[in-house]
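>
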Amino acid sequence: MINMISRPKGTNDILPDEIWRWHKLEAMIRKECACFGFKEIRTPIFEETHLFQRSIGEATDIVEKEMYTFLDKGGRSMTLRPEGTAAVVRAFVENNLKGAGLPAKLYYLGPMFRYERPQAGRYRQFHQFGIECFGSLEPALDAEVIMLAHELYQKIGVKDVVLKINSIGCPDCRPKYLEKLRSELAKYKDRLCENCQRRSITNPLRVLDCKEEKCQEVIADLPHLQDYLCDECSLHFTNLKKILDIWELPYVEEPRLVRGFDYYTKTVFEFCFDDLGAQNAIGAGGRYDKLVEEIGGESTPAVGFAMGMERTLLAVGDKWQKEPEIDLYIVSIGQETKEEALRQLLLARRHGIRTEMDILNRSVKAQFKQADRLDTKYCLILGPDELKDNRVKLRNMQSGEESEYQISEWLGGLKL
RNA sequence: GUGGGCAUAGCUCAGUUGGUUAGAGCGCCAGGUUGUGGCCCUGGAGGUCGUGGGUUCGAUUCCCACUGUUCACCCCA
6 MINMISRPKG TNDILPDEIW RWHKLEAMIR KECACFGFKE IRTPIFEETH
56 LFQRSIGEAT DIVEKEMYTF LDKGGRSMTL RPEGTAAVVR AFVENNLKGA
106 GLPAKLYYLG PMFRYERPQA GRYRQFHQFG IECFGSLEPA LDAEVIMLAH
156 ELYQKIGVKD VVLKINSIGC PDCRPKYLEK LRSELAKYKD RLCENCQRRS
206 ITNPLRVLDC KEEKCQEVIA DLPHLQDYLC DECSLHFTNL KKILDIWELP
256 YVEEPRLVRG FDYYTKTVFE FCFDDLGAQN AIGAGGRYDK LVEEIGGEST
306 PAVGFAMGME RTLLAVGDKW QKEPEIDLYI VSIGQETKEE ALRQLLLARR
356 HGIRTEMDIL NRSVKAQFKQ ADRLDTKYCL ILGPDELKDN RVKLRNMQSG
406 EESEYQISEW LGGLKL
């Protein structure tokens, strides 16, 4: 134990007895994506550092201090992906997926890496499912993404999730607002908390999100971003809400909602779930109309969404029930039945029946106990007495019912 | 990066005002039932009390450091 190496801080081993929750979540995701016409894309887990610096934004916390960056043996700076969008956009451009026709509807699934202090629902290696939808300025594109996310949460069973939406404008209108906001904040500088004094320079939008009471007093009097939106952004937001209304998707307008990445334009949204501690956002996304060209592609508007899988599973809690993982357990009584047990084991498995039998040479009682633990539906019982007449017993473990079969016929007695 | 809590069996946790063989429940294994699970009873295995140092005749207990973990801040999924 002295030299025992433990897993890196902020990472998790997903153990065999909990992997079914991941499989279940992944299956639901894939099914929903297929239903909505999204196709999976798999990109590398690391990319050139530059990609993330350019897309996420140099001044963001993620790029400034949370990236796993290393030099490869060729001296190139590489980074373990901290989020999924940048790589998908890069792949979209590099492989000219636009040529396959728009809209391009992609999804991804996998680990992300951020060097942060772990806490509830936050890890250094965590998993995200995300979708990216390219090719339209229409709010219908935003709606498509939001609808998938909403439907997925419903099916997963996280029903009391709250959708918050906002528009943070575009490069035409946002700078004007930011300028106004900065000058206003400068006036009330001494009435702001320490954090907000810093934020009012680095990321003034974040100030709007502050929970400090004294900041709230100042915030109340600040101009609203909504009043500064250009006609196009304002109309876009209105029309998006119209679509959500048609679907009767519940949402909350959250004028103070901002996101951590620089690339967002117009629509931003967040799915929140209380009772997860400080990390109540279990999914979020937004529109990024300029990112594709910033990465070197032909200008293509797009909308994306990412879901934190660990957080989503936390929100699911124990609402899911584990399905039995085995159909049949073969119990053999006495040494002379072992050979026949082996034959029946292979036969059952060749028929696709999930089957186990004792390989520890344990007592009959222990074999049944194991069968019970594995939550099997049936036990096939091979006893020397019955075997003399080529007969076997099949026991339904739920009802306790037992019936005898010719050894060649017991398969017909299974109702799976 | 900042601040607080915690670290004893596979799991959840007692405990020792510093003293000889460190406990419980659950789980695991076996027996009670030489061929039948869940309930019950009996027994058993399993701990260098997170790591290193200090104080002491003696430390799992007190002190310090480190590591891990957890919660919050920052930020974010």
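Numbering-wise (this note's numbering), the first sequence opens with residue 6 and increments by one.
Glycine included, each C-beta is placed from N, C-alpha and C at the ideal position.
Small disclaimer: the values here were computed from a predicted structure and weren't measured.
(1) Restricting to Cα atoms, I'd like to know which of Ala-289, Lys-164, Pro-306 and Asp-236 is closest to Lys-103.
(2) Quick one: grab the DSSP three-state call for Met-6.
(3) Gly-417 to Ile-19, Cα distance in whole Å?
(4) Quick one: give me the first and last residue of the alpha helix (DSSP H) that Glu-99 is part of.
(5) Let me check one thing: in DSSP terms, what residues is His-132 bridge-paired to?
(6) Might you give, ordered along the chain, the residues of its own chain that have their beta carbon closer than 6 Å to the beta carbon of Met-6, omitting 5 neighbours on each side?
(7) Can you say whether Thr-48 is buried or exposed, counting buried as having 16 or more other CB atoms within 10 angstroms of its CB?
(8) Identify whether Asn-17 lies in helix, strand or coil by the three-state DSSP scheme.
(9) Within a Cβ cutoff of 6 Å, which residues of the same chain sit near Glu-5, ignoring the five residues on either side of it in sequence?
(10) Looking at the unbroken alpha helix (DSSP H) that takes in Leu-85, where does it start and where does it end?
(11) Under 7 Å, do Leu-385 and Leu-352 count as touching if we go by C-beta distance?
(12) My output table needs one value for Val-263: the three-state DSSP class, helix, strand or coil.
(13) Could you check how far apart the C-beta atoms of Asp-363 and Gln-372 are, in whole angstroms? I think they sit under 8 Å.
(14) At which residue ranges does the stretch 318 to 400 contain complete alpha helix (DSSP H) runs of 4 or more residues, listed in the order of the chain?
(15) Taking buried to mean at least 16 other C-beta atoms within 10 Å of its own C-beta, is Gln-58 buried or exposed?
(16) Mind reading off the beta-carbon distance from Val-369 to Val-336? Whole number of angstroms is fine, and I expect it under 8 Å.
(17) Are the beta-carbon atoms of Thr-54 and Gly-265 separated by less than 7 Å?
(18) Distance check for Gln-133 and Gly-115, CA to CA, integer angstroms please.
(19) In this structure, does DSSP put Phe-278 in helix, strand or coil?
(20) Anyone know if the C-beta pair for Gly-288 and Ala-92 falls short of 7 Å?
(21) Decide yes or no for the touch test of the stretch 302 to 319 against the stretch 273 to 292: beta carbon pairs closer than 8 Å, at least 3 of them.
(22) If we ignore side chains and look at the alpha-carbon of each, how far apart do Lys-219 and Asn-17 end up?
(23) State whether the stretch 150 to 164 contacts the stretch 248 to 255, with contact taken as three or more CB pairs (one from each stretch) at a distance under 8 Å.
(24) Comparing alpha-carbon positions, which option in Leu-85, Ile-136, Glu-23 and Ile-67 lies nearest Gly-42?
(25) Could you tell me the distance, in whole angstroms, from the CA atom of Glu-409 to the CA atom of Leu-318?
(26) Using the C-alpha atoms, what's the distance from Lys-382 back to Leu-421?
(27) Measuring straight from C-alpha to C-alpha, what distance separates Gln-403 and Asp-377?
(28) The alpha helix (DSSP H) that contains Asn-3, what's its start and end?
(29) Can you have a look at Asn-171 and say buried or exposed, based on whether 16 or more other CB atoms are within 10 angstroms of its CB?
(30) For Phe-75, count the other beta carbons within 10 Å of its own beta carbon; 16 or more makes it buried, fewer makes it exposed. Which is it?
(31) Rounded to whole angstroms, what's the CA-CA distance from Glu-345 to Gly-106? Just pull it up for me.
(32) Where Arg-292 and Leu-142 are concerned, what is the direct C-alpha to C-alpha distance, given to the nearest angstrom?
(33) What residues in its chain sit with their C-beta under 7 Å from that of Trp-415, if we drop five residues either side in the sequence?
(34) Ignore the nearest five residues each way along the sequence and tell me which others in Ile-331's own chain have a CB closer than 6 Å to its CB.
(35) In three-state terms, what does DSSP make of Phe-43?
(36) Which residues mark the beginning and the end of the alpha helix (DSSP H) in which Arg-187 is found?
The structure says:
(1) Check the Cα spacing between Lys-103 and each of Ala-289, Lys-164, Pro-306 and Asp-236: the tightest is with Pro-306.
(2) For Met-6, the pLDDT reaches just 38, beneath the cut-off of 50, and the residue's location in the model is therefore unreliable, although a value from the coordinates is still provided. Met-6: coil per DSSP, three-state reduction.
(3) Gly-417 and Ile-19: Cα-Cα distance of roughly 37 Å.
(4) That run of the alpha helix (DSSP H) goes 90 to 99.
(5) Answer is Pro-116, bridged to His-132.
(6) Bear in mind that the predicted position of Met-6 carries a pLDDT of just 38, short of 50, making it unreliable; the figure below should be weighed with that in mind. The same chain holds no residue with a CB closer than 6 Å to that of Met-6 once the five nearest residues on each side in sequence are set aside.
(7) Buried, since its Cβ has 16 or more Cβ neighbours within 10 Å.
(8) It is coil, neither helix nor strand.
(9) An answer regarding residue 5 cannot be provided, because it is not within the stretch 6 to 421 covered by the chain.
(10) Careful: Leu-85 lies outside any alpha helix (DSSP H), inside the beta strand (DSSP E) at 82 to 85.
(11) The Cβ atoms of Leu-385 and Leu-352 lie no closer than 7 Å to each other.
(12) DSSP places Val-263 in coil when its eight states are reduced to three.
(13) About 5 Å separates the Cβ atoms of Asp-363 and Gln-372, confirming a contact at the 8 Å cut-off.
(14) The stretch 318 to 400 contains these whole alpha helix (DSSP H) runs: 343 to 355, 369 to 378 and 389 to 393.
(15) Under this definition Gln-58 is a buried residue.
(16) About 6 Å separates the two Cβ atoms, so the contact holds.
(17) No, Cβ-Cβ distance for Thr-54 and Gly-265 is not below 7 Å.
(18) If you take the alpha carbons of Gly-115 and Gln-133, they lie about 6 Å apart.
(19) Assignment of Phe-278 by DSSP, reduced to helix, strand and coil, places it in the coil class.
(20) Pairing Gly-288 with Ala-92 gives a Cβ-Cβ distance that is not under 7 Å.
(21) With a cut-off of 8 Å on Cβ pairs, the stretch 302 to 319 is in contact with the stretch 273 to 292, counting three or more such pairs.
(22) Rounded to the nearest whole angstrom, the CA to CA distance from Lys-219 to Asn-17 is 39 Å.
(23) Judged by Cβ distances under 8 Å, the stretch 150 to 164 makes contact with the stretch 248 to 255, as three or more pairs qualify.
(24) Scanning Leu-85, Ile-136, Glu-23 and Ile-67 for the CA closest to the CA of Gly-42 turns up Ile-136.
(25) Glu-409 and Leu-318 have their alpha carbons spaced roughly 44 Å apart.
(26) Counting only the Cα atoms, Lys-382 lies some 8 Å from Leu-421.
(27) The alpha-carbon atoms of Gln-403 and Asp-377 are separated by roughly 10 Å.
(28) Residue coverage of the chain in this structure runs from 6 to 421, which leaves residue 3 outside it and unanswerable.
(29) The residue in question, Asn-171, is buried, as its Cβ has 16 or more Cβ neighbours within 10 Å.
(30) Here Phe-75 is exposed, its C-beta having fewer than 16 other C-beta atoms within 10 Å.
(31) The alpha-carbon atoms of Glu-345 and Gly-106 are separated by roughly 59 Å.
(32) Their Cα atoms are separated by approximately 9 Å.
(33) Once the five neighbours on either side are set aside, the close Cβ partners of Trp-415 are Leu-385, Val-397 and Leu-399.
(34) Its chain contains Arg-359, Glu-361, Leu-379 and Thr-381 as the residues whose beta carbon lies nearer than 6 Å to that of Ile-331, once the 5 sequence neighbours on both sides are disregarded; these appear in chain order.
(35) Residue state, collapsed to three classes: coil.
(36) 179 to 192 is the span of the alpha helix (DSSP H), which, as asked, contains Arg-187.
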